[in-house]
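In mature numbering (1 follows the signal peptide of the UniProt record, and there is no 0), the protein residues as written are -26 to -1, 1 to 314.
Since the structure comes first, as structure tokens, the remarks are kept for the end.
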Amino acid sequence: MAKVNAGAALLSLCLLLACSAGGTQAAYVDVEGTVRTEVEKAIKSNPGIGAALVRLVFHDCWVNGCDGSVLLDKTTSGGNTEKKAINNIGLDGFNLIDTIKYKLGNSVSCADIVVFAARDAARYLSGGKITYSVPSGRKDGIVSSAAAADAILPQSTFEFQQLVDNFAKKNFTQEELVILSGAHSIGVSHLSSFQDRLNDSTATPIDDNYKQALVADVEAQKKSQNTPDPIEKNNIRDMSSSFQTTAGYDPTGVNTAAKGALDNSYYHANLQNRVLFKSDWVMRTDSKAGDDMAEYMNNATKWNNDFAAAMVKLSKLPAEGSTRYEIRKNCRVTNQNYYY
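Okay, structure coming up:
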């Protein structure tokens, strides 16, 4: 009898440690610790990846919930996936998600990795001022459509009411729209996403000094980046001091040395009408949204806390739109398309 009990105990231990031939690492790997380590290492190597991860979780969860569908290169149904959507231009962070997935194995979903990575990027970029916990257990979807992403994601040319309606469909309030827009304190944008602001400053008024500085810098970036659609930094805080001076930027209340920080500096820039997107500027046309922006401009701690809460809510958007869900072996393809 003792031998039977010992054998049972050994079997239980073996299963716990996933030591059988078909086992995976997930039983004993520190999942969230691994994600955090890889995210911090990646940001130190490439500071822009942090902003990319924060953007990635929004673009995943807003379309059919948090299901990792934005990561897919192809599906069994064919057609362009979300990566090909016009609204997803410049989306990044995929290689880092692949690296993390490789380290974690087949028991951790790609959707969970995206959520954890964004959370850790937000914490790192805010200097530890934005912290929050999110649950695990998400599954990966098998459906991904560029057309759906373009139909569902808010566009940079939206009017204020279009933004409010878009957020309401996901059960997000107007204030949460203002809060999450604060993520534009980091990252970059393609010219095609704000060209309308340079072409027609009467329809979406932009500070003239800022506009002229942008026009000059865009032309320079076209040459240096060798593209007709160059990227520009979202936040004037992150531009050179000479650009800020030419644009007439007032840095009062902003830590201009904190380049790339996720903070409330976005509200300082927007209330000076020195932001890239029309969708940012139009929030100034609503009195309540304008009041909210002024409050967050003057109270960094409140924005940090409210942004964290909004990110938790975003990260809990339930997956929908797929007929079945799985935990992918490779984040870029469904398991049916996976080849060893």
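Even for Gly, the Cβ is constructed at its ideal location relative to N, Cα and C.
Just so we're clear, the structure is a prediction, and the values are computed from it rather than from any experiment.
Cα-Cα, which of the options is closest to residue i?
i	options	result
GLU12	VAL108, TYR98 and ARG171	TYR98
HIS164	GLN199, ASN304 and GLY24	GLN199
ALA263	ASN54, LEU78, LEU30 and SER155	SER155
SER166	ILE180, GLN129 and GLU150	GLN129
LYS15	LEU78, THR230 and ALA91	ALA91
VAL117	LEU245, GLY42 and SER214	GLY42
Whole angstroms are fine: how far does the CA of residue j sit from the CA of residue i?
i	j	result
ALA(-1)	GLY115	Note that ALA(-1) scores 39 on pLDDT, short of 50, meaning its location in the model is unreliable; the coordinates nonetheless yield the value given after this. Going by the C-alpha atoms only, they are around 20 Å apart.
LEU188	LYS196	12 Å
LYS58	GLU294	20 Å
ASN238	PRO21	19 Å
SER261	VAL138	14 Å
TYR299	PHE134	35 Å
VAL307	ILE160	29 Å
ALA232	GLY52	44 Å
HIS158	MET267	13 Å
ALA120	ASP86	22 Å
TYR76	SER296	24 Å
THR49	ASN309	9 Å
GLY102	SER19	19 Å
GLY(-5)	THR226	Reliability of the predicted coordinates at GLY(-5) is poor, the pLDDT of 34 falling under 50, and the value obtained from them is presented with this limitation in mind. Approximately 59 Å, taken between the alpha carbons.
LYS207	THR259	24 Å
SER107	MET213	32 Å
Is it true that the CB of residue j sits closer than 7 Å to the CB of residue i?
i	j	result
LEU40	ARG93	Before going on, a small fix: residue 40 reads as Cys here, not Leu. No; because the gap between Cβ atoms is not below 7 Å, this pair is not in contact.
VAL162	ILE205	yes
LEU288	SER100	no
ILE74	VAL9	yes
ALA221	TYR184	yes
ARG302	CYS35	no
ASP4	ASN61	no
THR131	ASP170	yes
GLY7	ILE17	no
PHE168	LEU250	yes
VAL89	VAL44	no
ALA284	GLU150	yes
ALA95	LEU46	no
ILE126	ALA282	no
Where does residue i sit, in a helix, a strand or coil, going by DSSP?
i	result
GLY156	helix
GLY(-20)	Caution is warranted here: a pLDDT of 41 is assigned to GLY(-20), below 50, making its placement in the model unreliable, and the coordinate value is therefore given only provisionally. In the structure shown, GLY(-20) sits in a helix (DSSP, three-state: H, G or I).
ASN273	coil
GLY24	helix
GLY52	coil
GLU294	coil
TYR299	strand
SER163	strand
residue 321	Outside the shown range of the chain (-26 to 314) lies residue 321, about which nothing can therefore be said.
PHE205	First, the amino acid is wrong: residue 205 is Ile here, not Phe. Here ILE205 sits in strand by DSSP.
VAL82	coil
VAL286	helix
ASP41	coil
ASN200	coil
ASP224	coil
ASP114	strand
residue 320	The chain is shown from -26 up to 314; residue 320 falls before or after that span and cannot be answered.
I think residue i touches residue j, with their Cβ atoms under 8 Å apart; what is that distance to the nearest whole Å?
i	j	result
ASP280	ILE153	5 Å
GLU56	VAL82	Wrong, their Cβ atoms sit about 21 Å apart, outside the cutoff.
ARG248	TYR223	6 Å
LYS276	THR178	About 28 Å; that fails the 8 Å criterion.
Could you tell me if the beta carbon of residue i falls within a distance shorter than 6 Å of some heavy atom in the ligand NAD?
i	result
PHE32	The ligand NAD is not among the ligands present in this structure, which contains no ligands whatsoever.
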